[in-house]
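Asks: Protein chains in written order, with my numbering: chain A, 1 to 131; chain B, 1001 to 1131.
Glycine included, C-beta positions come from ideal geometry on N, C-alpha and C.
Predicted model only: the values in this text are computed from it and were never measured.
Following this line, the structure appears as structure tokens:
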């Protein structure tokens, strides 16, 4: 793979991830991770490891109406960072937060990249109730 | 320190860093780092360690006319991530790039936070010649 292909593949994985967070099941989101992938959300909290635990982490999303929007992505040889907006509606209240996530990747069996780690930079004070 | 104070101190250090990158000497930028701080710019390249090496890294900036603008910052207990625009003019050409940087910090002797690590996510293809 040339470097540009790798960077494009990273950006494509970020796009698949945001699409999954907006519209897929927790298990489908977790399937984008490597089997022993890790998730630290927010950064500073105890990391979650492996697809089963990652599925549990995303499970509450299934109760929410969700939307995501990529604001900016920067891919490098060592991983990618991206800023995005996530809007969730639960029980009539709508919340919006714009985290900055950092991901590392490894090639998966079908040629797509799998997420080996995700670290989400945001704090509770960054979340706004918008409706 | 309460968590909010820590997050505010991180944001203040990010602001001081961007101000220094825009208008200070390489040694003054390096002084914002911890003595054994590290810098990986871009992510995937060999890290630079310690203030002397960090000063050398920023030295070429002194030949350029520079401006920086913070676009977004997210501080957490484990560090901060921020998106920013840096514009540099050298030899009549002006370049613009919008990296996403990740920093960790430790308290410095005067109460300000020092940067213990900086990792810059951007690729050459993200740099644009704008004038």
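(1) Skipping 5 residues on each side, what residues in its chain have a beta carbon closer than 7 Å to that of residue 46 of chain A?
(2) Using a Cβ cut-off of 7 Å, which residues of the region 1008-1024 of chain B contact any Cβ in chain A, in chain order?
(3) Scan the region 1080-1104 of chain B and note each continuous alpha helix (DSSP H) run of 4 residues or more that stays entirely inside, going in chain order.
(4) What first and last residue would you give for the alpha helix (DSSP H) that runs through residue 1132 of chain B?
(5) Using the C-alpha atoms, what's the distance from residue 1064 of chain B back to residue 1020 of chain B?
(6) Name the residues in the region 1048-1080 of chain B whose C-beta lies less than 9 Å from a C-beta of chain A; which are they?
(7) Give me the Cα-Cα distance between residue 1111 of chain B and residue 1061 of chain B, rounded to the nearest whole angstrom.
(8) Exposed or buried, which one is residue 1008 of chain B when buried takes at least 16 other CB atoms within 10 Å?
(9) How is residue 1023 of chain B classed by DSSP in three states: helix, strand or coil?
(10) Of all the options A:127, A:103, A:50, A:16, which has the alpha carbon lying nearest to the alpha carbon of residue 94 of chain A?
(11) Between residue 121 of chain A and chain B, is the shortest Cβ-Cβ distance under 8 Å, so that the two count as touching?
(12) Please list the residues of the region 1088-1103 of chain B that have a C-beta atom closer than 8 Å to any C-beta atom in chain A, keeping them in chain order.
(13) Since residue 54 of chain A and residue 70 of chain A should fall inside the 8 Å C-beta cutoff, what is the C-beta to C-beta distance between them, to a whole number of angstroms?
(14) With a threshold of 8 Å between beta carbons, is residue 107 of chain A in contact with chain B?
(15) Could you please give the first and the last residue of the uninterrupted beta strand (DSSP E) stretch that includes residue 1043 of chain B?
(16) Distance, Cα to Cα, residue 107 of chain A vs residue 1109 of chain B?
(17) Spatial neighbours of residue 1098 of chain B within its chain, please: C-beta separation below 6 Å, excluding the five flanking residues on both sides.
(18) Would you mind giving the Cβ-Cβ distance between residue 26 of chain A and residue 59 of chain A, rounded to the nearest angstrom? I have them listed as a contact below 8 Å.
(19) Kindly give me the distance between the Cβ atoms of residue 117 of chain A and residue 1100 of chain B, rounded to whole angstroms, as I take these residues to be in contact under 8 Å.
(20) Is it the case that the Cβ atoms of residue 82 of chain A and residue 13 of chain A are separated by a distance below 8 Å?
(21) Using only the alpha-carbon positions, how far apart do residue 37 of chain A and residue 115 of chain A sit?
(22) Going by DSSP, name the residue or residues bridged to residue 64 of chain A.
(23) Taking only beta-carbon atoms, is residue 117 of chain A less than 8 Å away from chain B?
(24) Output the distance between the C-alpha atoms of residue 1089 of chain B and residue 131 of chain A, rounded to the nearest integer angstrom.
(25) So, is the C-beta of residue 1044 of chain B closer than 8 Å to a C-beta in chain A?
(26) Across which residues does DSSP place residue 1070 of chain B in a beta bridge pair?
Replies: Put simply:
(1) none
(2) none
(3) none
(4) The question about residue 1132 of chain B has no answer, for chain B in this structure spans 1001 to 1131.
(5) 13 Å
(6) Those residues of the region 1048-1080 of chain B that come within reach of chain A (Cβ to Cβ, closer than 9 Å) are 1071, 1072, 1073, 1074, 1075, 1076, 1077, 1078, 1079, 1080.
(7) 28 Å
(8) exposed
(9) helix
(10) A:127
(11) Interface with chain B (8 Å Cβ-Cβ cutoff): residue 121 of chain A is included.
(12) 1098, 1099, 1100, 1102
(13) The beta-carbon distance between residue 54 of chain A and residue 70 of chain A, rounded to whole angstroms, is 21 Å. This is too long to meet the 8 Å contact definition.
(14) no
(15) Taken as a continuous stretch (DSSP letters only), residue 1043 of chain B belongs to no beta strand (DSSP E), as it is neither H nor E.
(16) 44 Å
(17) 1085
(18) 4 Å
(19) In this structure residue 117 of chain A does not touch residue 1100 of chain B by the C-beta definition: roughly 16 Å separates them, more than the 8 Å allowed.
(20) no
(21) 6 Å
(22) Answer by DSSP bridge pairing: none, since residue 64 of chain A is not bridged.
(23) no
(24) 44 Å
(25) yes
(26) B:1084
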